[in-house]
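K.L.:
Sequential numbering from 1 applies to the sequence shown in the working numbering.
Don't be surprised by glycine CBs; every beta carbon is placed ideally from N, CA and C.
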Amino acid sequence: MENTRIYADDLTAVPSPAPLPTDEPTPSTATPSAAAPTAAAATSSTRRLLWHLGEMALAMIAGMLLLGPLWELPGAALGVSDALARPDVAALVMATNMTVGMTVWMRYRAHHWRGVAEMAAAMYVPFLLLLVPWWAGLLDADALMLGGHLLMVPAMVLVAVRHRHEAPVPIRRHPAVVALARHWPSGLALLLTVDMWVDPTVLSPWTMLVLPGGYLVIGMARRTLGGRGVLATQLAGLAIWVALTLVAVLAGGRTAAWLVALGWLAHAGWDIVHHRNRRVVPRAYAELCVVLDVALAAVMVLAILTTDA
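(1) At the level of alpha carbons, what is the spacing between A297 and H274?
(2) Considering only the beta carbon of each residue, do L139 and L130 sit closer than 8 Å?
(3) Does the segment 241-251 come close enough to the segment 283-291 that 3 or more CB-CB pairs lie under 8 Å?
(4) Quick check: the Cα distance between G214 and L50, rounded to an integer number of angstroms?
(5) Leaving out the 5 sequence neighbours to the left and right, which residues in its chain are closer than 6 Å to A261 when beta-carbon positions are compared?
(6) Whole-angstrom Cβ separation of L67 and V100, contact assumed at under 8 Å?
(7) Need the endpoints of the alpha helix (DSSP H) that G253 sits in, please.
(8) State the Cα-Cα distance for the pair R47 and L53, rounded to the nearest angstrom.
(9) Assuming T122 contacts A155 under a Cβ cut-off of 8 Å, what Cβ separation, rounded to an integer in Å, is found between them?
(10) If you draw a straight line from the C-alpha of A303 to the C-alpha of A85, how long is it?
(11) Does DSSP put S45 in a helix, in a strand, or in coil?
(12) Specify the secondary structure class of T245 as computed by DSSP and reduced to three states.
(13) Count the other CB atoms, across all protein chains shown, that sit within 10 Å of the CB of M220; report buried if there are 16 or more and exposed otherwise.
(14) What's the C-alpha gap between A232 and G226?
(15) Which residue wins for smallest C-alpha separation from T255, given the options V281, L265, P205?
(16) Compare the C-alpha of M98 against each of V153, V80, A239, L158 and name the closest.
(17) What does the alpha-carbon distance come out to for the pair L250 and H267?
(18) If you run the structure through DSSP and keep just helix, strand and coil, what is P205?
(19) If you drop the 5 nearest sequence neighbours on each side, which residues of the same chain put their C-beta closer than 7 Å to that of T317?
(20) Classify D271 as buried or exposed, calling it buried when 16 or more other Cβ atoms lie within 10 Å of its own Cβ.
(21) Which of helix, strand or coil does DSSP assign to L138?
(22) Which first and last residues belong to the alpha helix (DSSP H) in which R222 is found?
(23) Which residues in the same chain as I218 place their Cβ atom closer than 6 Å to its Cβ, once the five residues preceding and following it in sequence are excluded?
(24) For my contact list, M119 and M102 are in at a C-beta cut-off of 8 Å; report their separation, rounded to the angstrom.
(25) Can the beta-carbon of A110 be found less than 8 Å from the beta-carbon of V169?
(26) Identify whether L66 lies in helix, strand or coil by the three-state DSSP scheme.
(27) Got a sec? Which residues, its chain only, sit under 8 Å from L188 by beta carbon, not counting five neighbours each side?
(28) Quick check on P212: buried or exposed, where buried means 16 or more other Cβ atoms within 10 Å of its Cβ?
(29) For the candidate residues V198, L265, V294, whose alpha-carbon lies nearest to that of L73?
(30) Just confirm the distance between the C-beta atoms of G115 and V159, as a whole number of angstroms; I'd bet it's less than 8 Å.
(31) Taking all protein chains shown into account, decide if V291 is buried (16 or more other Cβ within 10 angstroms of its Cβ) or exposed.
(32) To the nearest angstrom, how far is the alpha carbon of S142 from that of A90?
(33) From this set, L92, S45, D293, A77, which residue's C-alpha is nearest M196's C-alpha?
See below:
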């Protein structure tokens, strides 16, 4: 029977490619070259395992960044902010945030629910084990948090190793979900600004120097500044934002705040141009910068408008 490979995005069965015909007879005994595929397969398996663990770590961080501030708003409204600040409660809230982020990504990557459940246990069990000595006064709050995170790492590795050979399960994904996954830089940029929406503020004028500087550093690292007029364009951009920064520093006050907000917003147009021409920086970086620049500019405008002149 012909083997098939199932793709989770569309549940389409695709025949596995058949081996190419050859005139060489099939060896009846193992040869030294037969060990090469085994070594390659082992290396590939290790890379997949490490990649999976890296994805889990990023998903957990995303969960903390996105869901952390969301606890503060209802906590303040319900008058339970002090309870949420308790080390034991804060540890369990953090484990919950990490579990939510990890669960969403693992299901998107077509992992079985049993693997998801065991990885969730790897988030909670370390903290639950340390809560008993903390309640008994044998650990302080710092030891509780640090110890829980340190124990979490080997627990995650054990779960990943246990399920590393499992085949992915078929999952039907909505086109909107697929589109969001493809535009992960935009989602990451929004995550980076969640805290600022809770407490809007205006950035220092000196932060505008990061805008052109990032392109120059990445361009030098990728060696993409050698095209016709590329370096001159980047240096011109650097000069413009340096001048804008100096004007904002000298102006100070509300004028400086507006210049900083407009400077970040104007850089979004710079990002769009680079995203379209695929020059200097990767498209993912340009996409992240577009969303980040617009979001930060909007936050700063909100901070200016809600602050007394």
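P.N.:
The short version:
(1) Numbered from its first residue, the sequence shown carries residue 297 at position 297. Numbered from its first residue, the sequence shown carries residue 274 at position 274. In a straight line, the C-alpha of A297 is about 19 Å away from that of H274.
(2) The sequence position of residue 139 within the sequence shown is 139, counting from 1. The sequence position of residue 130 within the sequence shown is 130, counting from 1. Yes, Cβ-Cβ distance for L139 and L130 is below 8 Å.
(3) no
(4) By 1-based counting over the sequence shown, the position of residue 214 is 214. By 1-based counting over the sequence shown, the position of residue 50 is 50. Rounded to the nearest angstrom, the two C-alpha atoms are 29 Å apart.
(5) As a working mapping, residue 261 is identified with position 261 in the sequence shown. Excluding positions up to five away in sequence, the list reads A297, M300, V301.
(6) Here residue 67 refers to the residue found at position 67 when the sequence shown is read from its first residue. Here residue 100 refers to the residue found at position 100 when the sequence shown is read from its first residue. Right, their Cβ atoms sit about 6 Å apart.
(7) On the sequence shown, position 253 is the one that residue 253 refers to. 253-277 is the span of the alpha helix (DSSP H), which, as asked, contains G253.
(8) Taking the sequence shown and counting its residues from 1, the one referred to as residue 47 is at position 47. Taking the sequence shown and counting its residues from 1, the one referred to as residue 53 is at position 53. C-alpha separation (whole angstroms): 10 Å.
(9) Residue numbering aside, residue 122 sits at position 122 when the sequence shown is read from its first letter. Residue numbering aside, residue 155 sits at position 155 when the sequence shown is read from its first letter. It is worth fixing the name first, because residue 122 is Ala in this sequence and not Thr. So it is a contact: roughly 4 Å between Cβ atoms.
(10) Counting from one through the sequence shown, the residue named residue 303 turns up at place 303. Counting from one through the sequence shown, the residue named residue 85 turns up at place 85. Their Cα atoms are separated by approximately 27 Å.
(11) Position 45 of the sequence shown, counted from the first residue, corresponds to residue 45. Here S45 sits in helix by DSSP.
(12) Here the question's residue 245 lines up with position 245 in the sequence shown. Helix at T245.
(13) Locating residue 220 in the sequence shown gives position 220, counting from the first residue. Answer is exposed; the Cβ neighbour count stays below 16.
(14) Locating residue 232 in the sequence shown gives position 232, counting from the first residue. Locating residue 226 in the sequence shown gives position 226, counting from the first residue. Taking the straight line from one Cα to the other gives about 10 Å.
(15) On the sequence shown, position 255 is the one that residue 255 refers to. Out of V281, L265, P205, P205 has the C-alpha closest to the C-alpha of T255.
(16) Taking the sequence shown and counting its residues from 1, one reaches residue 98 at position 98. Out of V153, V80, A239, L158, V153 has the C-alpha closest to the C-alpha of M98.
(17) Position 250 of the sequence shown holds residue 250. Position 267 of the sequence shown holds residue 267. Spanning the two alpha carbons is a distance of roughly 21 Å.
(18) Here residue 205 refers to the residue found at position 205 when the sequence shown is read from its first residue. In the three-state reduction of the DSSP assignment, P205 falls in the helix class, which pools H, G and I.
(19) With the chain running from 1 to 309 in the structure shown, residue 317 is simply not present.
(20) Mapped onto the sequence shown, residue 271 falls at position 271. Buried.
(21) As a working note, residue 138 is residue 138 in the sequence shown. Of the three classes helix, strand and coil, the one that applies to L138 here is coil, per DSSP.
(22) Position 222 of the sequence shown, counted from the first residue, corresponds to residue 222. First-last of the alpha helix (DSSP H) with R222: 210-222.
(23) Indexing the sequence shown from 1 puts residue 218 at position 218. So the qualifying residues of the chain are V281.
(24) Here residue 119 refers to the residue found at position 119 of the sequence shown. Here residue 102 refers to the residue found at position 102 of the sequence shown. So it is a contact: roughly 6 Å between Cβ atoms.
(25) Locating residue 110 in the sequence shown gives position 110, where the first residue counts as 1. Locating residue 169 in the sequence shown gives position 169, where the first residue counts as 1. Taking 8 Å as the Cβ cut-off, A110 and V169 qualify as a contacting pair.
(26) As a working mapping, residue 66 is identified with position 66 in the sequence shown. Looking at L66 - three-state DSSP - the assignment turns out to be helix.
(27) Translated into positions along the sequence shown, residue 188 becomes position 188. Within the same chain, L188 has close Cβ partners A62, L288.
(28) Here residue 212 refers to the residue found at position 212 when the sequence shown is read from its first residue. Per the 10 Å Cβ criterion, buried.
(29) Working through the sequence shown from its first residue, we reach residue 73 at position 73. Minimum Cα distance to L73 is reached at V198.
(30) Indexing the sequence shown from 1 puts residue 115 at position 115. Indexing the sequence shown from 1 puts residue 159 at position 159. Going by Cβ atoms, the distance from G115 to V159 rounds to 7 Å, so yes, they are a contact pair.
(31) To locate residue 291, count along the sequence shown from 1; it is residue 291. That one is buried.
(32) For this step, residue 142 is matched to residue 142 along the sequence shown. For this step, residue 90 is matched to residue 90 along the sequence shown. Just to set this straight, residue 142 is Asp in the shown sequence, not Ser. Using only the alpha carbons, I get a separation of about 12 Å.
(33) Position 196 of the sequence shown, counting from 1, holds the residue named residue 196. The shortest C-alpha separation from M196 is found at D293.
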